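For the sequence shown, our numbering gives the first residue as 161, with consecutive numbering after it. Glycine included, each C-beta is placed from N, C-alpha and C at the ideal position. Quantities reported herein were computed from a predicted structural model and do not represent experimental measurements.
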Amino acid sequence: MLELLRPKLYVASVPEIDLEELKARRLRGLILDVDNTLVERNRSHLSPQVEAWVRRAKEEGFQLCIASNSIGSQRIAALAARLGIPYITWAAKPRRRPFRLGMAMMGTLPQETAVVGDQLFTDILGGNRLGLFTILVQPLTSHDFLPTRWSRCLEQWLLRRFFPQGPQRRRAQGEEPCP
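As structure tokens, this is what we get:
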């Protein structure tokens, strides 16, 4: 059961996700969470770095889809329209259905699809249940929905066990690894 909660990759933020590494893994579809992954919870403002990363992913041929448990369809629709990608609201992650629907929208198979999100018990669990490549990012803010706040304590305990060194950090070009 614990393995279903373990992400394949843990990074600080969406812009830290190395698209070349995803290509090398033969991934071509990305299902993206919204709240505390792309934008702060209940907000619509994308950082320039996240917007540039999404644009670059699209330019490099990745298919993208938003899957959000949010019931705020208008906010998600506006964000998806700005990014030019399809979306699913009221997703009920970790159920399998929103991930299957996202893959159908993108025309990808499970082995070609990654999930990017900030929660172990929704994004990562749901993706792992279908054998997707799962990428956990640190939440953009600590302002969470009440039930999410409760699960964060357990998430932190699990993450210390799974990744005692913390999230991976992409090195800048030419930067040497730390000794």
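For this session: Note down, in chain order, each residue of its chain lying with its Cβ closer than 8 Å to the Cβ of L162, except the 5 sequence neighbours on either side.
Result: In the sequence shown, the residue the question calls residue 162 occupies position 2. So the qualifying residues of the chain are L318.
Exercise. With a cut-off of 8 Å, do at least 3 Cβ pairs link the segment 253-271 to the segment 282-292?
Worked result: yes
Problem set entry | Same chain only: Cβ atoms within 7 Å of F322, ignoring 5 sequence neighbours per side | Residue 322 sits at position 162 when you count from the first residue of the sequence shown. Cβ neighbours of F322 beyond the five flanking positions: R166.
Exercise. I think L192 touches I226, with their Cβ atoms under 8 Å apart; what is that distance to the nearest whole Å?
Worked result: Here residue 192 is taken as the residue at index 32 of the sequence shown, counted from 1. Here residue 226 is taken as the residue at index 66 of the sequence shown, counted from 1. Between I226 and L192 the Cβ distance is about 5 Å, and since that is below 8 Å, they are a contact.
For this session: In angstroms with no decimal places, state the Cα-to-Cα distance between I295 and P327.
Result: Sequence index remark: in the sequence shown, residue 295 carries index 135 (1-based). Sequence index remark: in the sequence shown, residue 327 carries index 167 (1-based). About 11 Å.
Problem set entry | According to DSSP, residues forming a beta bridge with D195 | Counting from 1 along the sequence shown, the entry for residue 195 is found at position 35. Answer is V199, bridged to D195.
Exercise. Among residues of its own chain, excluding the 5 on either side of M265, which ones have a beta-carbon nearer than 6 Å to its beta-carbon?
Worked result: Residue numbering aside, residue 265 sits at position 105 when the sequence shown is read from its first letter. Correct list, in chain order: C225, P246.
Problem set entry | G189 - DSSP class collapsed to helix/strand/coil | In the sequence shown, the residue the question calls residue 189 occupies position 29. In this structure, G189 counts as strand in the three-state DSSP scheme.
Exercise. What separation, rounded to the nearest whole angstrom, lies between the Cα atoms of F281 and Q316?
Worked result: Counted from its first residue, the sequence shown places residue 281 at position 121. Counted from its first residue, the sequence shown places residue 316 at position 156. Computed Cα separation, rounded: 12 Å.
Exercise. CB N196 to CB D278, shorter than 7 Å?
Worked result: As a working mapping, residue 196 is identified with position 36 in the sequence shown. As a working mapping, residue 278 is identified with position 118 in the sequence shown. Against a cut-off of 7 Å, the Cβ pair of D278 and N196 comes out as a contact.
Exercise. In whole angstroms, what is the alpha-carbon distance linking A241 and S302?
Worked result: Along the sequence shown, read from residue 1 onward, the residue named residue 241 stands at position 81. Along the sequence shown, read from residue 1 onward, the residue named residue 302 stands at position 142. So the alpha carbons of these two residues sit roughly 26 Å apart.
For this session: Grab the span of the alpha helix (DSSP H) containing V214 for me, first residue to last.
Result: Looking up residue 214 in the sequence shown gives position 54. Boundaries of the alpha helix (DSSP H) around V214: 208-219.
Exercise. From N202 to L285, what does the alpha carbon distance come to, in whole angstroms?
Worked result: Counting from one through the sequence shown, the residue named residue 202 turns up at place 42. Counting from one through the sequence shown, the residue named residue 285 turns up at place 125. Between N202 and L285, the C-alpha separation is close to 22 Å.
For this session: Measure the alpha-carbon distance for A217 versus E211 and round it to whole angstroms.
Result: Stepping through the sequence shown from its first residue, residue 217 is reached at position 57. Stepping through the sequence shown from its first residue, residue 211 is reached at position 51. Approximately 10 Å between the Cα atoms of the pair.
Problem set entry | Option nearest P175 by Cα separation, candidates V214, S204, R186, S230 | If you number the sequence shown from 1, residue 175 lands on position 15. Nearest C-alpha to P175: V214.
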